[in-house]
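To start, the structure itself, in structure tokens.
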Amino acid sequence: MTTAMLILNGKGAGNEELRIAIGALRKEGENLYVRVTWEYGDAARYVEEAIELGCETVIAGGGDGTINEVAGALAQYAGQQRPVLGIVPLGTANDFATACNIPLQPEQALQLAVKGRAVDIDLANVNNQHFFINMATGGFGTRITTETPEKLKAALGGVSYFIHGLLRLDTLKADRCEITGPDFRWEGDALVIGIGNGRQAGGGQQICPDALINDGLLQLRLLTSEELLPSFLRSLLNNEENKNIISASLPWLEITAPHDMTFNLDGEPLTGKQFRIEVLPSAIQCRLPPHCELLG
Numbered sequence: 001m002t003t004a005m006l007i008l009n010g011k012g013a014g015n016e017e018l019r020i021a022i023g024a025l026r027k028e029g030e031n032l033y034v035r036v037t038w039e040y041g042d043a044a045r046y047v048e049e050a051i052e053l054g055c056e057t058v059i060a061g062g063g064d065g066t067i068n069e070v071a072g073a074l075a076q077y078a079g080q081q082r083p084v085l086g087i088v089p090l091g092t093a094n095d096f097a098t099a100c101n102i103p104l105q106p107e108q109a110l111q112l113a114v115k116g117r118a119v120d121i122d123l124a125n126v127n128n129q130h131f132f133i134n135m136a137t138g139g140f141g142t143r144i145t146t147e148t149p150e151k152l153k154a155a156l157g158g159v160s161y162f163i164h165g166l167l168r169l170d171t172l173k174a175d176r177c178e179i180t181g182p183d184f185r186w187e188g189d190a191l192v193i194g195i196g197n198g199r200q201a202g203g204g205q206q207i208c209p210d211a212l213i214n215d216g217l218l219q220l221r222l223l224t225s226e227e228l229l230p231s232f233l234r235s236l237l238n239n240e241e242n243k244n245i246i247s248a249s250l251p252w253l254e255i256t257a258p259h260d261m262t263f264n265l266d267g268e269p270l271t272g273k274q275f276r277i278e279v280l281p282s283a284i285q286c287r288l289p290p291h292c293e294l295l296g
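The numbers in full-length UniProt numbering rise by one with no breaks, and the one at position 23 of the sequence shown is 23.
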């Protein structure tokens, strides 16, 4: 039998279906510890405890932010002592888990998180201090996902981001910046910037549709500010290509702006004028289903 620790976002502590699934696993003889987070930093402390307890797997129970926090904590440890990441999606959008084809039902997700195959996956590092496992978004899309009211999220789930975005079209504003990378340079006004290790954000929007989590690359997607409203609406509603979308696959990139910009790193806002974002190939292992679409 294996030993695992579930690091559960406090918002999901009352999930009865999850409680039943945990009980069923324990009846099978699995050693499963449960820890509940209250504030930022708890996940890193629990990962350290899981390693001390000899856990083979650390399970992130929550949304994209919780998964990101646990994954970033795991990346701090050497491979020999680092547990495998498991995922039980309990958030509003569950963008990373959905793109990975991880079941949204707690019982199925928990079984996969404990018993599924472990595969190497990439993480992304920002300014040598921050991580993201799914995506960094900047521009108008970031303002929408960070400003969407909690009550709207609770009532409508992922579609809440889209609805709130339509309600806030009056705030459309581009960010002037310069983006450079290997054999790549762009300068101009960007309405939306997506840097994807995963493919979707903001409640199911396929911002980086060609991204893979094990190819050693990040997909950059820019929606430029020419024809602001038509481009934005076409991209949101139809995910169709148009001349105002620029795409590149890069191992690293640097973004410089004359003013403060805010990027959303799987739910964590980061503000600054300079960002260096690079992929960390095979940074951790994660238990994923055989049909995971993010594996190349």
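Glycine included, C-beta positions come from ideal geometry on N, C-alpha and C.
What you are looking at is a predicted structure, and each value in this text was computed from that prediction instead of being measured.
| Asked | Found |
| --- | --- |
| Helix, strand or coil at residue 46 [DSSP, three-state] | helix |
| Top-ranked residue by Cα proximity to residue 91, from 40, 266 and 270 | 266 |
| Closest residue to residue 270 among 260, 201 and 279 (Cα-Cα distance) | 260 |
| Beta strand (DSSP E) runs wholly inside the stretch 51-117, at least 3 long, in chain order | 57-62 and 84-89 |
| Residue 280 in three-state terms, based on DSSP | strand |
| Neighbourhood of residue 38 by C-beta, 7 angstroms cutoff - its chain only, sequence neighbours within 5 removed | 10 |
| Proximity winner among 216, 74 and 123, relative to residue 48 (alpha-carbon distances) | 74 |
| Inter-residue spacing [alpha-carbon to alpha-carbon] between residue 182 and residue 131 | 21 angstroms |
| Residue range of the unbroken beta strand (DSSP E) whose run includes residue 221 | 218-224 |
| Per DSSP, the bridge partner or partners of residue 250 | 218 |
| Residue 46 classed as buried or exposed, judged by whether at least 16 other C-beta atoms fall within 10 angstroms | buried |
| Contact test: residue 268 Cβ vs the ligand NAD heavy atom, cutoff 6 angstroms | As for the ligand NAD, it is missing from this structure, which has no ligand bound. |
| Same chain, Cβ closer than 6 angstroms to residue 176, five either side skipped, listed in chain order | 189 |
| For residue 7, the first and last residue of its enclosing beta strand (DSSP E) | 3-9 |
| Chain-order list of residues whose beta-carbon lies under 6 angstroms from that of residue 33 (same chain, five-residue window excluded) | 5 |
| Start and end residues, alpha helix (DSSP H) containing residue 19 | 16-27 |
| Cβ distance (whole Å) where residue 218 is taken to contact residue 99 below 8 angstroms | With a Cβ gap of about 15 angstroms, residue 218 and residue 99 do not count as contacting. |
| As assigned by DSSP and simplified to three states, the class of residue 188 | strand |
| Alpha-carbon spacing of residue 193 relative to residue 221, whole angstroms | 6 angstroms |
| C-beta contact flag for residue 253 and residue 179 at 7 angstroms | yes |
| Rounded straight-line distance, which links the Cα of residue 203 to that of residue 167 | Here the model assigns residue 167 a pLDDT of 49, short of 50, so the residue's position is not dependable, and the following value carries that caveat. Distance between the alpha carbons of residue 167 and residue 203 is about 16 angstroms. |
| Cβ pair residue 89, residue 97 closer than 7 angstroms | yes |
| Cβ-Cβ distance between residue 85 and residue 277 below 7 angstroms | no |
| Rounded C-alpha distance that separates residue 215 from residue 67 | 20 angstroms |
| Pair within 7 angstroms by beta-carbon distance, residue 136 and residue 51 | no |
| Where residue 81 falls, given that 16 or more other Cβ within 10 Å makes a residue buried | exposed |
| Bridge partners - residue 120, DSSP secondary structure assignment | 285 |
| DSSP bridge partner residues for residue 200 (one or two, in chain order) | 206 |
| Own chain, CB closer than 8 angstroms to residue 207, minus 5 neighbours either side, in chain order | 135, 137, 141, 192, 194, 196, 199, 200, 201 and 221 |
| Alpha-carbon spacing of residue 24 relative to residue 209, whole angstroms | 37 angstroms |
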